[in-house]
Amino acid sequence: MKTVVALGGEGIGIEVVEATCELLTAAGFPLKILTPPHGESSQRTHGSPLPDETKRLCGEADGVLFGAAGSPASSAVVSYLRWQQDAYAGVRPVKYYRGAASPLANPDGIDFIVLRENSEGLYPGREGDLAELRRVMPDLSDRTGRRVADYGEGRFAVKLVTRKGAERIARFACELTRKRKARGHAGKLTCVTKSNVLRLSDGLFREIVEGVVKSYPELTYEHFHVDDAARRVLRFPQSMDVVLCMNLYGDVLSDLAAEAAGGLGMAPSGCFGDRWAYFESVHGSAPDIAGRSIANPTATILSSVMMLWHMGLDAEARRLEAAVARVYADSKHLTRDQGGTATTRELSRAVLDALR
Ligand code: NAD
């Protein structure tokens, strides 16, 4: 029996996590699912968006499944799960299931990973007033010679790239690409930066990735600047295997890639650190559709498939993913974002029926 902590977060996060947990339980998988207090309601009842007891349960669980953040209280949960726990590798599979609503004419065979560096770059946000920056670095200038002091009133954000951060994600990327190659994928790592403009910061990231990839001669390697990469993800999605992106680029490209494969409602993810992992959909709390029972639970169900793999429940993971694929191929119980009329629960129950 494995223990799972399920945290819905906010908005549709709550709805899709509940539907997924109901499915996992009804499927008879060997899971004990705990739903400790967190988020806004916990702020009210326990005076904290993430009480120590909830943190303890997360730390002891075999798997943690999160829904979505929106308000500061639920963002504090993500902040803990992702940044405080140093889950630096955001693995975002992009896979087309026949029957999904891809806007592409030929989405068959789309099956790649956007790997997002989660811990550095421009996130989680180091910002300030330009006046402060002027005080400490008055001579900081861009490549045209324009100094910080020459700008008027405004704000700044710091982009940060460390050797350690770039090296660990590069190694993670190479190992992931190698594992996928063993399962029949191309064994190709694509690195995405903007090193032609951000020569020092993105340049360092690229240089380190290229150094690490040299010790993996069995892999193919390519690099694209982020603007070109966006175009390629859309035009040649079937040629992608593992696409390693710096933080912000990964945030943007993974939504674009998800859309190519059928939309945000189907995009799962897992965030990994050296000794920690948690799983969540790529989408947010979707306030525009929250509370209407029309959210697509597939992204969270597929995130739970990743969690099952992570916990060593391989047979259950394989069966659940195959059931999702059958529901899409059948196309009778799809939610509105997929062109259907099913509710959140109708789709998750169709997956349960397909499992049986
Ligand atoms: P969003 O992902 O919540 O929604 C974007 C669009 O996609 C909306 O039109 C929404 O209705 C649709 N959509 C998303 N998930 C869907 C699903 N499962 N089924 C059907 N349609 C779906 O992004 P947003 O609107 O930019 O952000 C809303 C809030 O979520 C913001 O507060 C943002 O900060 C937060 N957010 C959180 C996370 C996270 O928790 N990891 C990720 C992204 C955004």
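Residue 369 is where the sequence shown ends in the numbering used here, and the numbering goes up by one at each step.
Just so you know, even glycine gets a beta-carbon here, dropped at the ideal spot from N, CA and C.
Check, Outcome
"Going straight from the alpha carbon of R429 to that of A290, what length do you get?", "There is simply no residue 429 to check, as the chain begins at 14 and stops at 369 in what is shown."
"Are there any heavy atoms of the ligand SAM lying less than 7 Å away from the beta-carbon of S306, as far as the coordinates show?", "Among the ligands present in this structure, namely the ligand NAD, the ligand SAM is not found."
"From C258 to I46, what does the alpha carbon distance come to, in whole angstroms?", "33 Å"
"Please classify S228: is it buried, with 16 or more other beta-carbons within 10 angstroms of its beta-carbon, or exposed?", "exposed"
"Could you tell me the alpha carbon to alpha carbon distance between G200 and K194, rounded to whole angstroms?", "4 Å"
"Confirm the yes/no value for this check: CB of H51, any heavy atom of the ligand NAD, distance under 7 Å.", "no"
"For the ligand NAD, is there a heavy atom less than 7 Å away from the beta-carbon of I314?", "no"
"Apart from the five residues just before and just after L261, which ones in its own chain have a Cβ nearer than 7 Å to its Cβ?", "G134, L135, Y136"
"Out of curiosity, what's the CA-to-CA distance linking R176 and N309?", "39 Å"
"Shortest alpha-carbon distance to M253 belongs to which of A270, D264, D240?", "A270"
"Would you mind working out which of S317, G278, D287, Q98 sits nearest I302, comparing C-alpha positions?", "G278"
"Give me the Cα-Cα distance between E272 and D264, rounded to the nearest whole angstrom.", "13 Å"
"Counting C-beta neighbours from all protein chains within 10 Å, is the total for M150 16 or more, i.e. buried, or is it exposed?", "exposed"
"What residue range is occupied by the uninterrupted alpha helix (DSSP H) comprising R244?", "239 to 248"
"Starting from the N-terminal side, write out each stretch of the beta strand (DSSP E) that is 3 residues or longer and does not extend beyond the stretch 151 to 191.", "168 to 170"
"What residues come near the ligand NAD, if near means a beta carbon less than 5 Å from any of its heavy atoms?", "A81, A82, G83, L277, G278, H296, G297, S298, A299, D301, I302, A308, N309, D350"
"To the nearest angstrom, report how far apart V337 and R111 are at their CA atoms.", "10 Å"
"Whole angstroms is fine: what's the gap from R339's alpha carbon to F285's?", "29 Å"
"Distance, Cα to Cα, L36 vs N209?", "48 Å"
"Kindly indicate which three-state DSSP category F42 falls into: helix, strand or coil?", "coil"
"For the stretch 276 to 353, list the alpha helix (DSSP H) runs that are entirely contained and at least 4 residues long, ordered along the chain.", "311 to 323, 327 to 343"
"Assess, as a yes-or-no matter, whether the stretch 15 to 29 is touched by the stretch 305 to 323 under the definition of 3 or more beta carbon pairs within less than 8 Å.", "yes"
"State the Cα-Cα distance for the pair L128 and R105, rounded to the nearest angstrom.", "6 Å"
"DSSP state of I123, grouped into three classes?", "coil"
"On a Cα-Cα basis, can you pick out the residue from G80, L213, G167, L232 that is closest to R184?", "L232"
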